[in-house]
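Right, one structure below, let's go through it.
Put into structure tokens, the structure is as follows:
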């Protein structure tokens with residue numbers, strides 16, 4: 001006779017108690033080498049032989065003031081692996097496939113990122129392909145033309161999406177015309193990019209000095225460093241890779257209502273200034289953010305999703321910028337409940353500051369934060385990506401392995417202090433994108449200005 005899960009979970013005396021969580025242990029004692037090569041490239045190699053693979057993450061600071069920079073950078077990222085004097089696109093793909101590997105490139109206003117992996121036995125081939133692209137990319141005219149057309153199509157579609165419209169509006173509201181806001185170029189700008197423009201950009205901006213290469217996998221760190229030095233020795237420049245100028249601090253001010261006639265939903269994007277990972281208050285802020293809206297059982301989700309039913313998804317997060325961080329609160333709601341959702345978001349921000357997380361809440365989010373970090377770094381790829389994100393900020397493996405202990409050391413009082421300092425409603429600004437004709441109830445709440 002079978003029993004249901006509910007029957008199994010109960011006894012005559014009541015529900016069976018849940019077993020205590022086991023101790024969450026960080027990855028300690030990782031064998032690693034962190035070295036700056038003669039060409040200025042910082043290389044971090046970590047031995048993690050869980051599977052016979054190598055994960056590679058290259059981060060090249062790639063800022064630019066030219067209004068056409070974003071368009072040229074997008075075409076460059078799409079075509080950097082399509083041709084050199086040694087390889088065409090097919091040869092790139094074939095050489096990588098023979099060692100179970102892949103490489104891809106993406107770009108944003110801050111960084112050109114190249115990432116991929118290969119079998120450990122194909123490590124030298126992976127480096128040779130990367131070096132060929134970095135030092136010998138020719139950007140064939142036909143490849144640039146083809147990728148340019150595909151980019152135009154993708155950008156045209158993306159710019160019609162409400163989430164993209166909201167993100168662009170938030171960036172402009174927070175940072176004005178700063179280059180950091182140029183996350184997606186205009187399709188019309190991409191349309192006029194020529195292969196010669198991309199080649200010139202590569203020469204000027206794809207530079208080793210100030211860049212970071214992270215390698216994680218089944219290779220001894222000293223051997224990895226030596227292999228990189230040999231493979232990338234020809235990647236040279238006296239100049240340094242271009243970093244973004246400092247961002248202005250976010251100024252608390254009214255929310256901006258961006259009219260989108262005919263919209264049936266409203267997109268909320270709220271933001272406030274936060275602190276960098278190296279600030280001693282950061283671990284407490286991380287836990288306070290989780291308690292507010294950083295995971296499914298957070299206060300914000302319980303209110304506007306579970307209780308009110310205003311949205312399917314709501315969250316808060318920390319967005320790391322080149323020289324700091326910001327707090328983000330985002331959700332989408334039906335037009336009819338936009339005012340109600342704003343009221344509840346403000347209420348939860350105020351409650352976070354005045355009624356800080358309890359000891360039980362802090363214990364829950366602490367377990368979640370440590371567990372999430374350990375899960376995300378348990379694979380070679382996850383560890384490589386985490387280290388690369390830290391390395392471009394000047395941090396290294398030690399910061400990552402020591403962070404669980406910092407989270408364990410945070411007190412309930414420190415979380416309360418972070419909640420009061422960073423979650424006060426008056427610290428926030430942001431945008432609401434929706435049909436202004438349907439959102440007249442926002443006027444009664446105040447603090448919202450029509451664009």
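Numbering (UniProt numbering), first residue to last: 1 to 451. Yeah, the Cβ is synthetic: ideal placement off N, Cα and C, and Gly gets one too. Predicted, not measured: the structure shown is a model, and the values here were computed from it.
Inside the segment 201-278 only - alpha helix (DSSP H) runs reaching at least 4 residues: 221-231
Buried/exposed call for residue 428, threshold 16 Cβ in 10 Å: By the neighbour-count rule (16 or more Cβ atoms within 10 Å), residue 428 is buried.
Contact under 8 angstroms by Cβ, residue 212 with residue 54: Not closer than 8 angstroms, so no.
The alpha helix (DSSP H) enclosing residue 189, as first and last residue numbers: 187-191
Pair within 8 angstroms by beta-carbon distance, residue 284 and residue 433: no
Every unbroken beta strand (DSSP E) inside the segment 76-147 [3 residues or more]: Counting whole runs of 3 or more residues, the segment 76-147 contains the beta strand (DSSP E) stretches 102-107 and 111-119.
Under the three-state DSSP convention, the category residue 324 falls into: strand
Pairwise C-alpha distance: residue 327 and residue 235: C-alpha separation (whole angstroms): 38 angstroms.
Exposure of residue 251, with buried meaning 16 or more beta-carbon neighbours within 10 Å: exposed
Boundaries (first-last residue) of the alpha helix (DSSP H) holding residue 335: Per DSSP, residue 335 lies in no alpha helix (DSSP H) segment and is marked neither H nor E.
Heavy atom of the ligand HEM within 7 angstroms of residue 159 beta-carbon: Although the ligand HEM was asked about, the structure shown includes no ligands whatsoever.
Straight-line gap, residue 238 to residue 229 (C-alpha atoms, nearest Å): 17 angstroms
Span of the alpha helix (DSSP H) around residue 453: The structure shown does not extend to residue 453, since the chain spans only 1 to 451, so no value can be given for it.
Residue 450: first and last residue of the uninterrupted beta strand (DSSP E) it sits in: For residue 450, the uninterrupted beta strand (DSSP E) segment begins and ends at 448-450.
Residue burial classification, residue 52 (beta-carbon count within 10 angstroms, cutoff 16): exposed
CB-CB length for residue 185 against residue 71, believed under 8 angstroms: That belief holds up - the Cβ atoms of residue 185 and residue 71 are roughly 4 angstroms apart, short of 8 angstroms.
Nearest-angstrom Cα separation, counted from residue 338 out to residue 331: 10 angstroms
Reference residue 31, options 143, 221 and 62, closest by Cα: Taking only the C-alpha atoms, the option nearest residue 31 is 221.
Whole-angstrom distance between residue 139 and residue 199, CA atom to CA atom: 7 angstroms
Sheet register partners of residue 315 (DSSP bridge): 330
Residue 32 (DSSP reduced to helix, strand or coil): Strand.
Neighbour-count burial assignment, residue 282, 16 or more Cβ in a 10 Å radius: buried
Residue 167: first and last residue of the uninterrupted alpha helix (DSSP H) it sits in: 162-175
Among 317, 64, 79 and 130, the one whose alpha carbon lies nearest that of residue 182: For residue 182, the nearest C-alpha among the options comes from 64.
For residue 429, the residue or residues it bridges with in DSSP: 271, per the DSSP bridge assignment.
Delimiting residues of the beta strand (DSSP E) encompassing residue 51: That residue, residue 51, is in no beta strand (DSSP E); it is neither H nor E in DSSP.
Stretch-stretch touch, CB-based, cutoff 8 angstroms, three pairs: the segment 362-369 with the segment 292-302: yes
Cβ shell of residue 111 (< 8 angstroms), same chain only, five flanking positions each side left out: 59, 60, 61, 62 and 392
Inter-residue Cα distance where the pair is residue 455 and residue 286: There is simply no residue 455 to check, as the chain begins at 1 and stops at 451 in what is shown.
Spatial distance of residue 436 from residue 335 (CA atoms): 9 angstroms
Between the CA atoms of residue 345 and residue 447 - distance to the nearest angstrom: 13 angstroms
Closest by C-alpha distance to residue 86, when choosing among 105, 135, 210 and 74: 135
8 angstroms contact criterion, which residue 99 and residue 119 should meet: CB distance rounded: 5 angstroms
At least 3 beta-carbon pairs within less than 8 angstroms: the segment 32-49 vs the segment 158-169: No, the segment 32-49 is not in contact with the segment 158-169.
Three-pair Cβ contact test at 8 angstroms for the segment 349-361 versus the segment 412-423: yes
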